[in-house]
Amino acid sequence: MDRTILIVDDHRDILRLLHSALDTLKLKKIKIYEAPSGEEALLESTRNKIDLLITDYKLPGFSGMDLMHKIRVRHPDVQIIFITGVADRNVREEMLNAGVSAVFDKPIPLSDFLDAVERSLGLVQTIFPSEGKDKKIEGRHAVLSDLLANFRQDIKADAVFLLNDRGLVQVRAGKLHDGSMEVSLISTLMAIHGASLKVARHNHQDTIDSYHVFSGGDHDLLFIPVTPLYALLVAGNKLATAERILESVSALLALRKQVERSLKSMGVTGELHLSHVDVKPAPLSVPEPDPVQVQESPVDAVPSPEMEALLKNASANTTSDDTDDFWNQAVEKLVNKPVNSDVMSMEEARKLGLIPDGN
13 MDRTILIVDD HRDILRLLHS ALDTLKLKKI KIYEAPSGEE ALLESTRNKI DLLITDYKLP
73 GFSGMDLMHK IRVRHPDVQI IFITGVADRN VREEMLNAGV SAVFDKPIPL SDFLDAVERS
133 LGLVQTIFPS EGKDKKIEGR HAVLSDLLAN FRQDIKADAV FLLNDRGLVQ VRAGKLHDGS
193 MEVSLISTLM AIHGASLKVA RHNHQDTIDS YHVFSGGDHD LLFIPVTPLY ALLVAGNKLA
253 TAERILESVS ALLALRKQVE RSLKSMGVTG ELHLSHVDVK PAPLSVPEPD PVQVQESPVD
313 AVPSPEMEAL LKNASANTTS DDTDDFWNQA VEKLVNKPVN SDVMSMEEAR KLGLIPDGN
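Just so we're aligned: the sequence shown equals residues 13 to 371 in our numbering.
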């Protein structure tokens, strides 16, 4: 069955960007139309059935909200994705409360955008695909789903996610108030998860005992590692207030133990191994030796003929005093001898009358 996407924006570069991004999905039965204004978009909707409308909030003529309402009259099942440069939170809430699939600020995060398009059209996700499950694994995941659903109901959270180390949602209960940036949010949280594992290693911990709290905004977020491969995310209103934070964290710690037991029954270890933590020792900072100071090993050095002669003349039974005299004589005889045999010393030049005695 063919699907139709209509992109509406008065900036041609935005239209080209979004169209090019959609082309990367390589969707065979998707037709994409463009319109630079609400009026032209409305005309396009009379010619074709529109399954997904992607529109700027501010348009020349009537607004994106007006366009949404008009197209919904013709196509009640149309899905809506808004693009906006408006920072007003009330405007964003107005769009979300209108039942849209997603709202994206400019510049548009393309990974989240493509994920929202796939979810809006009910397509098999290609950007962040769900993990395939056989029936045995689905049965085990059902236990986890029940744990998360019961926990969500008990603490009145909006959503509870079990995430894996690849940034995929393993099990979920409920949904975020605004799922537009879900991909970026999960990706960032799993980066925090990786950092927590590194801290645990540096701190020589046998287990991962940490949690992260983000209060305010669309949700209060509670994030806690379960094993090196999994973490829990809880989102809800007023979960991190001074009155509830201890209760929320205590409940989350109890949920973590239950989830950890279930994961172990599925063969997932909870041990903190180095292989699970991308901790690489920093390379030692060894300064490069100055080339001028580099000297060859004396092991293979050949003594000069003069030194060999001195050594041959030295007696094997020489006393310590004789030894001192020997080296003093050697120094006196050889110290001023030039390294290059073709070069004459200053003293020799004076003796030959090449240099005046006053110099």
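Here a beta-carbon is modelled for each residue, glycine too, at the ideal position from N, C-alpha and C.
Query	Result
Cβ neighbours of V20 in the same chain (closer than 6 Å, five flanking residues each side left out)	A47, A53, T67
Within 8 Å, strictly: CB atoms of D78 and I17	no
Nearest-angstrom Cα separation, counted from L245 out to D14	37 Å
Continuous alpha helix (DSSP H) assignments of at least 4 residues falling wholly in the segment 58 to 86	76 to 86
Start-end ranges of the beta strand (DSSP E) lying completely within the segment 153 to 232, minimum 3 residues	171 to 176, 181 to 186, 224 to 226
As assigned by DSSP and simplified to three states, the class of R101	helix
Which listed residue (I92, A247, P240, N215) has its alpha carbon closest to that of I167	A247
Per DSSP, the bridge partner or partners of Q91	L64
Residue nearest to G97 in terms of C-alpha spacing, selected from L71, S113, R86	L71
K269, DSSP secondary structure in three states	helix
N- and C-terminal bounds of the beta strand (DSSP E) containing V246	242 to 248
Classification of P88 by the beta-carbon crowding that lies within 10 angstroms, buried from 16 upward	exposed
Beta-carbon proximity check, Y223 vs L275, cutoff 8 Å	no
Whether H205 touches H231 by CB criterion (8 Å)	no
Helix, strand or coil at L37 [DSSP, three-state]	coil
Where D127 sits in the DSSP three-state scheme	helix
V29 versus L133: straight-line alpha-carbon distance, rounded	Correcting the residue type first, residue 29 is Leu in the shown sequence and not Val. Whole-angstrom Cα-Cα distance: 20 Å.
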